Structures are given as structure tokens and as C-alpha cells.
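**Student:** One structure is given below, represented as C-alpha cells, and several questions about it will come after.
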Amino acid sequence: MRKVSLLERIRLFGHSGIDVLAVLGRSSLMLFHVLFGRSQAGGGFGLLVKQLHSVGVMSLVIIVVSGVFIGMVLALQGFNILSSYGSEQAVGQMVALTLLRELGPVVTALLFAGRAGSALTAEIGNMKATEQLSSLEMIGVDPLKYIVAPRLWAGFISLPLLAMIFSVVGIWGGSWVAVDWLGVYDGSYWSNMQNSVTFSDDVLNGIIKSIVFAFVVTWIAVFQGYDCEPTSEGISRATTKTVVYASLAVLGLDFILTALMFGDF
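Rendered as C-alpha cells:
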């Protein structure tokens, strides 16, 4: 096996850095054009509604089912831990705070990246491979405004709403396990939750997280589809990149946002 010299390692590192900067530049230019470029007349709202159904409504089932089961698991695990300290009546407080502050936005974003994000990348990539984007340009239609923009805005709107639904059904699932199965007093479950959850510290911070995640996940998804190689292999790689990059971005941003919101600095 050939040994790689130090200069070769430095060259490879620099080449990788240049590639990353180039991708960031292209994605930023695409985003700027989508957000601030000249709007095209006709069909904008209809296209947005169609994409809201595609990325939002079609993701409801996996969000609701996942939210219910995660709420149930949180209640079960929380009850087992809290009961050893005689504090099992606080299980509702634990479930609500965990979902609103953390798991609601994060898990919803990860599920959204896997379900809707990958679909957006594959759809736009397939349009590029079949030269539909080029055809739009030939007839004077900007594909960024006609294809990318409705999908970007649909993801930006859908994910925060899905995160709220996730948290609500998770709290309901937790109450079903805690109250109906484990015997926690119904009034204690809801009253402790009501007394501990505040809008500004818990609900609003969770909404802010989900908005940031929505922007980043959808941006990654549409850019990977628009920038991919117009081949079946290129679309496959772009779809994989969307899920991986979006998931890592969500987890990294979650730490940063949590530190800013709840850290003692």
C-alpha cells in the first residue's frame, strides 16, 4: 500500500475544504434566488397548497403514530424512575417538558427528513434527470420559482405544525399509559403539567426549534435534488445525503439552540 505523504494529506484536506465552500456557495445562491428573486405570475398559491398536502398531510400518519408511542414510552420509563423517589405524580410534567422542549421538534424533524425530505430530493432530482427543469427554462419559466420555491415554503410551514401535533399526541399517549394503565391520578397528571409548563420557556422555545429545523431540513432537501447529477445513481446519492446531512444538522443545531435557550451563560 502506497504511503500518503504529508503534503498529499494537506492537498486532499484543502481540496475537501474547497468542495465544501463551493457547495455552501451554490446552496446560498439558490436560497437567495428563491427568497428574493423576481416572482413569477400564476399558480403560486395552488402549487404551494399541493406541496403542503404532499409534504405535510402525507406525513401526518407517521408523525401521529410515532408521537403516540414515544409519549407512551416516556410515561412508562418516567413512572419507573420517579416511583423510586415517590414522585410518580410528576410523570405528566416530565412527559410534557420532554416533548415540548426536545423530542417533539427533534424527532419530528428527523422523521420529516426521512420521509418528506428524501421525497423532495428524489422528485426534483428526477425532474432534472428527465430534463423537465431545462424545458421550463426554455419556455421562460424559472424552475427555482416554479419547482423549488413551493416545496421550500411547504416544508417550512409544515414541519412546525407537525411538531406541535407530535407533542400533543405524545402527551395524550403518555396520559393513556400513566393514568389508565399505571394508575396515576388523572388530576395530578394534568395539574402538574399545567403548573410546570410555561409558554415562553417551553412551548415557544419548542416552536422556535421546529422553525429552524424546518428551514434547514427543507433547504438541504431541495438543494440536493437541484444540484445532483442527473442520473439514477446521482439521485440515489443525493437522497442519501439529504437524510444524513439533515439529520446531523438537526442534532447539531439542537445542541446549539438548547444551550442558548436553557444554558446558564
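Number 371 in my numbering belongs to position 230 of the sequence shown; there are no gaps in the numbering. Built from N, CA and C at the ideal position, the CB exists for glycine as well. Only a predicted model underlies this, so the values are computations on that prediction, with no experimental measurement involved.
Between which two residues does the alpha helix (DSSP H) harbouring residue 189 extend?
**Tutor:** From DSSP, the alpha helix (DSSP H) with residue 189 extends over 185-192.
**Student:** Provide the residue span of the alpha helix (DSSP H) that contains residue 234, from first to last.
**Tutor:** Looking at the DSSP string, the run of the alpha helix (DSSP H) that includes residue 234 is 232-239.
**Student:** Secondary structure at residue 280, three-state DSSP: helix, strand or coil?
**Tutor:** If DSSP states are grouped into helix, strand and coil, residue 280 belongs with coil.
**Student:** Identify every run of the alpha helix (DSSP H) within the region 278-320, keeping only runs that are complete inside it and at least 4 residues long; order them along the chain.
**Tutor:** Here the runs fully enclosed are 290-316.
**Student:** To the nearest angstrom, how far is the alpha carbon of residue 246 from that of residue 148?
**Tutor:** Near 44 Å, if we compare the C-alpha coordinates of residue 148 and residue 246.
**Student:** According to the Cβ coordinates, are residue 292 and residue 363 closer than 8 Å?
**Tutor:** Cβ distance < 8 Å, so residue 292 and residue 363 count as in contact.
**Student:** How long is the line joining the alpha carbons of residue 223 and residue 248, rounded to whole angstroms?
**Tutor:** Their Cα atoms are separated by approximately 24 Å.
**Student:** For the structure I just gave you, are there three or more beta carbon pairs, one from the region 267-278 and one from the region 315-333, closer than 8 Å?
**Tutor:** As far as the Cβ criterion goes, the region 267-278 does not touch the region 315-333, which means the pair count is below three.
**Student:** Does the beta-carbon of residue 307 have 16 or more other beta-carbons within 10 angstroms, so that it is buried, or is it exposed?
**Tutor:** Buried.
**Student:** Over the uninterrupted alpha helix (DSSP H) stretch that includes residue 244, give me the two end residues.
**Tutor:** Here residue 244 belongs to no alpha helix (DSSP H), and DSSP marks it neither H nor E.
**Student:** Using DSSP with H/G/I as helix, E/B as strand and the rest coil, what is residue 383?
**Tutor:** It is helical.
**Student:** With distances taken Cα to Cα, identify the nearest neighbour of residue 192 among 300, 154 and 377.
**Tutor:** Measuring from the Cα of residue 192, the nearest candidate turns out to be 300.
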